[in-house]
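Protein sequences, first through last, are from chains A and B.
The number in my numbering is simply the position in the first sequence, starting from 1, with 266 added.
The number in my numbering is simply the position in the second sequence, starting from 1, with 5 added.
Where is the CB? At the ideal position from N, CA and C, for every residue including glycine.
The structure displayed is predicted, hence computed values, not measured ones.
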Amino acid sequence: MTAPRAVDYDLTIKEASDRLDRGEISAVELTEAVLSRINAVEPQVKAYLHVDEDSAREQAAAADKSRRDGGVGPLLGIPLAVKDNICIQGMPATCASKILSGFVSPYDATVTGALKKSGAVLLGKTNLDEFAMGSSTENSAMQVTSNPWDLSRVPGGSSGGSAAAVAAGQALAALGSDTGGSIRQPAAFCGVVGLKPTYGVVSRYGLVAFASSLDQIGPLTKDVADAALLLNVLAGHDRHDSTSIDREYPDFTAALDGGVDGLRLGFPQELVAEGVSDDIKAVVDGTIKKLEAQGAIVEPVSLPTLAYALSAYYIIAPAEASSNLARFDGVRYGRRAEGAKDLLEMYKRTRAEGFGPEVKRRIMLGTYALSAGYYDAYYGQAQKVRTLIIDEFKQAFDKFDALISPTTPTTAFEIGAKTASPVEMYLSDVLTIPANLAGLPAISVPVGLVEGLPVGLQVMAKHFDETTVLRVGAAVERQAAFGERPLLD
Amino acid sequence: MLISREDVEHVAALARLALTDEETDKLTVELGQILEHAGKISEIDTAGVEPSAHAIKVTNVLRADKVGDELSQEEALANAPDREDDAFGVPKIV
Numbered sequence: 267m268t269a270p271r272a273v274d275y276d277l278t279i280k281e282a283s284d285r286l287d288r289g290e291i292s293a294v295e296l297t298e299a300v301l302s303r304i305n306a307v308e309p310q311v312k313a314y315l316h317v318d319e320d321s322a323r324e325q326a327a328a329a330d331k332s333r334r335d336g337g338v339g340p341l342l343g344i345p346l347a348v349k350d351n352i353c354i355q356g357m358p359a360t361c362a363s364k365i366l367s368g369f370v371s372p373y374d375a376t377v378t379g380a381l382k383k384s385g386a387v388l389l390g391k392t393n394l395d396e397f398a399m400g401s402s403t404e405n406s407a408m409q410v411t412s413n414p415w416d417l418s419r420v421p422g423g424s425s426g427g428s429a430a431a432v433a434a435g436q437a438l439a440a441l442g443s444d445t446g447g448s449i450r451q452p453a454a455f456c457g458v459v460g461l462k463p464t465y466g467v468v469s470r471y472g473l474v475a476f477a478s479s480l481d482q483i484g485p486l487t488k489d490v491a492d493a494a495l496l497l498n499v500l501a502g503h504d505r506h507d508s509t510s511i512d513r514e515y516p517d518f519t520a521a522l523d524g525g526v527d528g529l530r531l532g533f534p535q536e537l538v539a540e541g542v543s544d545d546i547k548a549v550v551d552g553t554i555k556k557l558e559a560q561g562a563i564v565e566p567v568s569l570p571t572l573a574y575a576l577s578a579y580y581i582i583a584p585a586e587a588s589s590n591l592a593r594f595d596g597v598r599y600g601r602r603a604e605g606a607k608d609l610l611e612m613y614k615r616t617r618a619e620g621f622g623p624e625v626k627r628r629i630m631l632g633t634y635a636l637s638a639g640y641y642d643a644y645y646g647q648a649q650k651v652r653t654l655i656i657d658e659f660k661q662a663f664d665k666f667d668a669l670i671s672p673t674t675p676t677t678a679f680e681i682g683a684k685t686a687s688p689v690e691m692y693l694s695d696v697l698t699i700p701a702n703l704a705g706l707p708a709i710s711v712p713v714g715l716v717e718g719l720p721v722g723l724q725v726m727a728k729h730f731d732e733t734t735v736l737r738v739g740a741a742v743e744r745q746a747a748f749g750e751r752p753l754l755d
Numbered sequence: 006m007l008i009s010r011e012d013v014e015h016v017a018a019l020a021r022l023a024l025t026d027e028e029t030d031k032l033t034v035e036l037g038q039i040l041e042h043a044g045k046i047s048e049i050d051t052a053g054v055e056p057s058a059h060a061i062k063v064t065n066v067l068r069a070d071k072v073g074d075e076l077s078q079e080e081a082l083a084n085a086p087d088r089e090d091d092a093f094g095v096p097k098i099v
């Protein structure tokens, strides 16, 4: 066995897969290269909550054997990371919460089962905001993850560990979950690609539920082609998730080279309103000009109710969370408070000791919004606003093939900068939340750097039109020619 | 003041959360700030608008009532903080 080349961990899935097919590298060598990279940079980045080196080596050896026996596939032998709110049988699933310390998943999520079946090497579990509630991964009860581009800054959240791991070469790609931007916002902050599929395209079975009508699993990758490759494996109907959609899914890699010539792209004015930094506006404007030069027709469009999306989201998501998190009661799994005299006291103390401040805040907010006397004014009204947002998007997609916007109002902020103000923190999701409320597919693609920090462009399309999202995303990627990696050494 | 300290105590009891006095004070302020922002949705006229619980309309999904390849009792109990024989153990209820 030769020593792995120093750059093997920087390969895309496609590049690595081609090398594996040509016999230039083995899955074991590739996995060793990534494990070495993890050992080298993890003390600075802290992207992972759990790395299982022995299991990764076994999976890699099995992938090599499968390939020798004639096995093929774009993920065979590819080392990947999984957000720690998605179950892998036999591994911890802490959701970065003390209440799940010691929990070992008794089963595979449907997505991790699919990855295993395709021969991927699952390296371990990545850090997140506790129960995916947050925008900086600082709400993890375990550790603070750093942005590989600037270690004093946050990686975004809640899939901050997955985004940082991919950016730092600690996995070729990773899975995240996105409830209000938790894949796209950290992808933008860390200079990688993040895709949230249409609600229902990917099974949520084995994803610890936060807000069930908004949650969706998706890939964080080094380029758009890899996102399409992973989506091919992730998409599909699942009898274990009654909201997963039973339909035929295309080969998502087929339209990547389609370009934007003749495509109509809308630019929602509500998503470049107050709060979006001038630097980000300038980078996005530059990208739009390049897309126009490629034949895209870009026009401003107004979706007035988007100005209320964040407000509606911070009623709906906590309401659903307060219901979903009722299951953490110290009875069936996780930790239990000691010495309670009766069941009710055990519940209250278990939850008080096990949940962190942001999770408590959202449970309280959601319980309030659902309680007698406030239900109609908050939850009922928010659901109606959601209808208006869905309808405005539908009208926009009558006219446009896709909508584009910045992914985030600012680049990655300093660790600690927004922890004192929940509302300030919530505002960093203001551009990504509308796609969750409307269930739309959306991608963030890196398009440039501002003062050394990545900027993401978001592309949204109508339900089940991942093909257009990926096609426009790939065109954006070619125009931006980003291709940069953070310097960590 | 959108939410009082008494409201916070009431909601904490509903949510089965034992909050400290400091947490209750802090949440009274923070929930007030968040509700002030979220309350902007009341500005929108939603007369005649149907509420949406989901973005994608799905109808009830039915299946045959057949036992599949699911967790065994031992697997289901493996993560329990306390068990008694083949059941989850809990403190005294009555």
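Item: Could you check the C-alpha separation between alanine 4 of chain B and glutamate 41 of chain B for me, to the nearest Å?; Value: This structure cannot speak to residue 4 of chain B, because chain B is shown only from 6 to 99.
Item: So with CB distances below 7 Å, who are the chain B contacts of glutamine 649 of chain A?; Value: Pro56, Ser57, Ala58
Item: Ignoring anything shorter than 3 residues or poking outside the segment 325-412 of chain A, list the beta strand (DSSP E) runs there in chain order.; Value: 345-349, 387-392
Item: So what does DSSP say about alanine 92 of chain B, is it helix, strand or coil?; Value: strand
Item: Distance cutoff 8 Å, beta carbons only. Does proline 485 of chain A sit that close to anything in chain B?; Value: no
Item: Cβ of glutamate 27 of chain B less than 8 Å from any chain A Cβ?; Value: no
Item: When you compare the segment 682-690 of chain A with the segment 504-515 of chain A, are there three or more beta-carbon pairs, one atom per stretch, that lie closer than 8 Å?; Value: no
Item: What residues of chain A sit near serine 47 of chain B, judged by a beta carbon separation below 8 Å?; Value: Ala643, Gln647
Item: Excluding sequence positions up to five away, which residues of its chain have a Cβ less than 8 Å from the Cβ of arginine 599 of chain A?; Value: It should be noted that the sequence gives tyrosine, not arginine, for residue 599 of chain A. Excluding positions up to five away in sequence, the list reads Leu366, Phe369.
Item: For valine 307 of chain A, collect the residues of the same chain with a Cβ closer than 7 Å to its Cβ; drop the 5 residues on either side in sequence, then sort them by chain order.; Value: Ala434, Gln436, Leu754
Item: Please report whether the beta-carbon of lysine 728 of chain A lies at a distance below 8 Å from any beta-carbon of chain B.; Value: no
Item: Cα-Cα, which of B/Leu32, B/Leu19, B/Ala60, B/Leu67 is closest to glutamate 611 of chain A?; Value: B/Leu19
Item: Which residues in chain B have a C-beta closer than 9 Å to the C-beta of valine 597 of chain A? List them in chain order.; Value: Ala85, Pro86, Asp87, Phe93, Gly94, Val95
Item: Within the segment 431-517 of chain A, note down every full beta strand (DSSP E) run reaching 3 residues or more, in order along the chain.; Value: 439-444, 459-462, 482-487
Item: Grab me the residues of aspartate 335 of chain A's own chain with a C-beta within less than 7 Å of its C-beta, minus the 5 sequence neighbours each way, in chain order.; Value: none
Item: Could you say which of A/Ala559, A/Ala747, A/Gly460, A/Ile352 lies nearest to alanine 475 of chain A if we only look at CA atoms?; Value: A/Ile352
Item: For the putative contact between serine 710 of chain A and glutamate 586 of chain A, defined by C-beta atoms under 8 Å, what is the C-beta separation to the nearest angstrom?; Value: Actually they do not touch by this definition, with Cβ atoms about 24 Å apart.
Item: Indicate the three-state DSSP secondary structure (helix, strand or coil) for glutamine 560 of chain A in the structure shown.; Value: coil
Item: According to DSSP, is alanine 269 of chain A part of a helix, a strand, or is it coil?; Value: Below a pLDDT of 50, predicted positions are generally treated as unreliable, and alanine 269 of chain A, at 39, falls in that range; the measurement from the model is reported next regardless. Three-state DSSP puts alanine 269 of chain A in coil, outside helix and strand.
Item: Mind checking who valine 567 of chain A pairs with in its DSSP beta bridge?; Value: A/Pro534
Item: Within 7 Å: the Cβ of threonine 411 of chain A and any heavy atom of the ligand ZN?; Value: Absence of the ligand ZN from the depicted structure is noted, as is the absence of any ligand whatsoever, leaving it without description.
Item: Per DSSP, what kind of secondary structure is aspartate 640 of chain A in: helix, strand or coil?; Value: Looking at the sequence provided, one finds tyrosine at residue 640 of chain A rather than aspartate. It is coil, neither helix nor strand.
Item: Kindly say whether glutamine 78 of chain B, judged by its beta-carbon, lies nearer than 8 Å to any beta-carbon of chain A.; Value: no
Item: Can you have a look at glycine 632 of chain A and say buried or exposed, based on whether 16 or more other CB atoms are within 10 angstroms of its CB?; Value: buried
Item: Using alpha carbons as the reference points, say which of A/Val549, A/Leu480, A/Asn305 lies closest to glycine 705 of chain A.; Value: A/Leu480
Item: In or out: glutamine 761 of chain A buried (at least 16 other Cβ within 10 Å) or exposed?; Value: Outside the modelled stretch of chain A, which goes from 267 to 755, sits residue 761 of chain A, for which no answer is possible.
Item: With C-beta atoms as the reference, is alanine 439 of chain A less than 8 Å away from aspartate 492 of chain A?; Value: yes
Item: From A/Leu315, A/Lys614, A/Ala583, A/Asp608, pick the residue whose C-alpha is nearest to that of aspartate 595 of chain A; which is it?; Value: A/Lys614
Item: For threonine 392 of chain A and lysine 364 of chain A, what's the separation of their Cα atoms in angstroms?; Value: 15 Å
Item: Once you ignore the five residues that flank aspartate 489 of chain A on each side, which residues in its own chain have a CB closer than 7 Å to its CB?; Value: Thr278, Val459, Glu743
Item: Could you spell out where the beta strand (DSSP E) holding leucine 40 of chain B opens and where it closes?; Value: Leucine 40 of chain B -> not in any beta strand (DSSP E); alpha helix (DSSP H) instead, spanning 26-43.
Item: Can the beta-carbon of alanine 727 of chain A be found less than 8 Å from the beta-carbon of aspartate 642 of chain A?; Value: no
Item: Cβ of phenylalanine 787 of chain A less than 8 Å from any chain B Cβ?; Value: This structure gives no information on residue 787 of chain A, because the portion of chain A shown stretches from 267 to 755.
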